[in-house]
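Notes for the one structure printed next.
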Amino acid sequence: MDSGTMMIRKKVQRKCKIRGYTLKVDALDEILSFVNRFQGAEDDALDLLLDHLLDHDSLKSSIIDREPVHRVVTLLLEAEAAVDNDVDDEATSGPSSSSAIRVVDAFFVPKFRYDPIKKIFYEHTGSLAIHGEASAKAGLYRDRFLLLFQRLARDHHFSKPAFDTEISHVGSCEISPIQSLVGQTGRRWVMGVISQLEDGHYYLEDLTASVEINLSNAKITTGFFSENTIVVAEGEMLLEGIFQVITCGFPPLEDRDKSLKSLAGHDFFGGGILTKEETLRLAEFEKRAVNDMFVILSDIWLDNEEVMGKLGIVLDGFESVEVVPSLFVFMGNFCSHPCNLSFHSFSSLRSQFGKLGQLIAAHPRLKEHSRFLFIPGPDDAGPSTVLPRCALPKYLTEELQKHIPNAIFSSNPCRIKFYTQEIVFFRQDLLYRMRRSCLMPPSMEETTDPFQHLVATITHQSHLCPLPLIVQPIIWNYDHCLYLYPTPHTIVLGDKSEQKAFKYTGITCFNPGSFSNDYTFVAYRPCTQEVELSAL
């Protein structure tokens with residue numbers, strides 16, 4: 001018997017014991033044979049089986065034999081076979097992947113707040129004003145801080161030792177409130193947001209107080225350290241009342257599964273809450289969706305004939321493949337000139353969207369079997385440049401929708417749920433702006449690639465745009481739409497910088513590049529999280 005089977009066997013026995021039941025050997029073997037059918041989802045399969053088993057009417061004793069287990073396993077396998085038949089029927093009649101793709105507009109993402117007293121998340125009820133009161137701005141910083149603080153509190157390196165002994169403090173980095181630094185000597189670990197409360201003077205703030213910091217000799221980790229980022233710092237107080245930072249880094253990342261367990265079933269992503277049965281079923285569908293492909297292009301200038309010609313070549317190529325892509329994601333900007341107050345060609349842009357619709361409609365297989373998602377860029381038409389941005393105005397897109405009725409126009413950022421997989425799309429020239437806002441040059445010890453520094457920054461901050469609000473305004477009441485918590489499976493950062501792909505702590509991150517500048521784009525297979533960097 002291999003170690004994996006032994007671990008599952010012990011897990012089954014432990015979970016049954018917790019629920020007050022003892023398994024006979026033949027019942028245990030029956031459960032193991034069922035669980036082993038679901039490689040990679042054993043825990044969910046086991047919980048599903050035990051839930052059905054312990055709800056079963058025929059259980060009259062705390063000692064379970066093979067008969068009731070076999071009965072429940074048979075029912076579950078029959079249900080799975082019925083679902084498989086439905087999938088086969090769908091496969092013969094047409095692609096089912098379109099129903100598996102759920103687009104979540106940023107303005108419909110539910111908002112949750114953390115209660116540090118009860119140590120739980122609770123959902124905000126009621127409407128959220130676009131123009132918030134002053135308290136909403138303070139709440140923005142508070143909510144960001146508490147989100148990372150509750151994550152850090154579960155990290156054993158930074159948690160308070162269970163027993164207050166000398167041995168327990170070895171290797172411990174317990175976080176001290178900034179308020180407690182007054183009159184303290186020796187090194188301390190603190191967590192706070194970097195703020196510039198006075199010109200040229202930077203402070204570290206938490207919910208208790210603020211302290212001026214000196215970063216001149218600080219050793220930093222990978223990432224862009226700018227004003228507004230939340231950091232964990234080790235240092236000591238100087239006589240002048242300044243905190244001399246010795247080591248500075250971002251709060252450590254947490255495994256996605258660990259984060260999900262702490263959420264008590266709340267839906268942070270906005271894709272809906274799934275039962276265990278639905279999760280298992282969708283996971284099976286996802287494994288079989290090997291032919292599903294997303295094609296992502298950023299910067300499609302509709303007013304540039306050469307760009308439209310190249311786009312036609314891309315569509316021609318995918319029209320002729322055996323299985324057409326499930327989804328095309330077109331990210332802005334959709335015009336070579338910023339659509340600001342000096343822009344007066346909206347009627348022309350409207351007709352150019354109509355021409356794009358004609359171009360897509362000229363490819364019948366793509367029109368019938370693929371879906372098309374449009375995400376606005378930073379210079380596209382809209383009420384303002386503030387984030388999150390609403391979808392493109394209906395005035396511009398009406399002509400296109402006449403040709404492509406199933407076109408989807410969503411916000412920036414935008415989220416997609418593909419079966420069980422969570423994907424975030426964000427179109428912003430973030431790399432350039434993050435580098436411009438850095439307080440110090442990034443550390444080159446682990447990597448010299450700016451894109452990797454960017455990915456490390458946004459994932460550790462659990463936020464798509466941790467820039468100062470004076471650099472990138474954000475709607476205060478909708479800051480939660482930019483959260484990356486729990487960490488999604490894939491992050492697509494549409495940026496005009498060089499095309500890149502990077503897998504960071506299990507998160508797939510990539511930039512499709514600027515199609516209008518160098519005709520680069522990405523073909524992404526969500527089933528395997530494979531990123532194919534492409535160019536004409």
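Residues in the sequence shown are numbered from 1 upward in steps of one, following my numbering.
Each residue gets a CB set at the ideal place from its N, CA and C atoms; glycine is no exception.
(1) Rounded C-beta distance between E286 and T420? I'm assuming under 8 Å.
(2) Would a C-beta distance cut-off of 8 Å place P177 and T208 closer than the cut-off?
(3) Go through its chain and collect everything with a Cβ distance to D105's Cβ below 6 Å, but skip five positions before and after it.
(4) DSSP three-state label for S3, please.
(5) Which whole runs of the alpha helix (DSSP H) in the region 121-201 are 4 residues long or more, in chain order?
(6) Just the Cα atoms here: how many angstroms apart are S351 and H201?
(7) Start and end of the alpha helix (DSSP H) containing N361?
(8) K276 lies in the alpha helix (DSSP H); which residues open and close that run?
(9) Could you check which residue in K417, C248, H337 and M331 has the C-alpha nearest to that of L282?
(10) What residue range does the alpha helix (DSSP H) around A41 cover?
(11) For I246, count neighbouring Cβ atoms within 10 angstroms of its own Cβ and tell me buried if that reaches 16, exposed if not.
(12) Name the DSSP beta bridge partners of K417, please?
(13) At the level of alpha carbons, what is the spacing between L484 and S462?
(14) Considering K261, what are the terminal residues of the beta strand (DSSP E) in which it resides?
(15) Please report the Cβ distance between V329 and I296, rounded to the nearest whole angstrom; I am assuming they are in contact, meaning their Cβ atoms lie under 8 Å.
(16) What's the call for H169, buried or exposed, on a 16-neighbour Cβ count within 10 Å?
(17) Pick out the complete alpha helix (DSSP H) segments inside the region 392-476, 4 residues or longer, and give them in chain order.
(18) Quick one: Cα of G377 to Cα of E227, how far?
(19) Would you report the Cα separation of S159 and T487, rounded to the nearest angstrom?
(20) Look up L387 in the DSSP assignment and say whether it is helix, strand or coil.
(21) Indicate whether the contact test is met: 3 or more Cβ pairs, each with one atom in the region 120-131 and one in the region 451-465, closer than 8 Å.
(22) On the CB-based measure, 16 or more other CB atoms within 10 Å of its CB, does N511 come out buried or exposed?
(23) If you follow the alpha helix (DSSP H) that S33 is in, where does it begin and where does it stop?
(24) Measuring straight from C-alpha to C-alpha, what distance separates N517 and K310?
(25) For V182, does the count of other Cβ atoms within 10 angstroms reach 16, so buried, or fall short, so exposed?
(26) Could you tell me the distance, in whole angstroms, from the CA atom of M434 to the CA atom of L469?
(27) Just to confirm before moving on: does the CB-CB distance between L396 and L349 stay below 8 Å?
(28) With DSSP run on the structure shown, which of helix, strand or coil describes R525?
(29) For V87, which residues of its own chain have a beta-carbon under 6 Å away from its beta-carbon, when the five flanking residues on both sides are left out?
(30) DSSP on A501, reduced to helix/strand/coil?
(31) Who are F555's beta bridge partners in DSSP?
(32) Short check: CB of T490 to CB of I423, under 8 Å?
(33) Assuming R365 is part of the alpha helix (DSSP H), what are its boundary residues?
(34) Out of R188, D299 and L215, which one is the CA nearest neighbour of K496?
(35) Keeping to the same chain, check which residues put their C-beta closer than 6 Å to that of G132; ignore five residues upstream and five downstream.
(36) Can you name the start and end residues of the alpha helix (DSSP H) that L315 belongs to?
According to the data block:
(1) Taking a contact as a CB-CB distance under 8 Å, the pair E286 and T420 counts as one, their CB atoms being some 6 Å apart.
(2) yes
(3) Contacts found: S410 and S411.
(4) helix
(5) As far as the region 121-201 is concerned, its whole alpha helix (DSSP H) runs of at least 4 residues are 134-153.
(6) Straight-line Cα distance between these residues: approximately 51 Å.
(7) The question names Asn, but residue 361 is Ala in the sequence shown. Bounds of the alpha helix (DSSP H) holding A361 are F346 to A361.
(8) K276 to R288
(9) Check the Cα spacing between L282 and each of K417, C248, H337 and M331: the tightest is with K417.
(10) It is not in any alpha helix (DSSP H) - A41 carries neither H nor E in the DSSP assignment.
(11) Label assigned to I246: exposed.
(12) In the DSSP assignment, K417 is bridged to R102 and E422.
(13) 4 Å
(14) Element bounds for K261: not the beta strand (DSSP E) but the alpha helix (DSSP H), R256 to S262.
(15) 4 Å
(16) With a pLDDT of 48 at H169, under the threshold of 50, the modelled position of that residue is not reliable, and the figure given next carries that caveat. It counts as exposed.
(17) 394-403, 430-436 and 450-461
(18) 24 Å
(19) 21 Å
(20) L387 falls in the strand class under three-state DSSP.
(21) These segments do not touch.
(22) buried
(23) V25 to V35
(24) 11 Å
(25) Its Cβ having fewer than 16 others within 10 Å, V182 is exposed.
(26) Each residue's Cα considered, the two are about 12 Å apart.
(27) yes
(28) strand
(29) Because the pLDDT of V87 is 46, which lies under 50, any placement of that residue in the model is unreliable, and the question is left without a value.
(30) strand
(31) The shown model of the chain, from 1 to 536, leaves out residue 555, and the question about it has no answer.
(32) yes
(33) Where R365 is concerned, the enclosing alpha helix (DSSP H) stretches over P364 to H369.
(34) D299
(35) W476 and N477
(36) Unbroken alpha helix (DSSP H) run through L315: E305 to E319.
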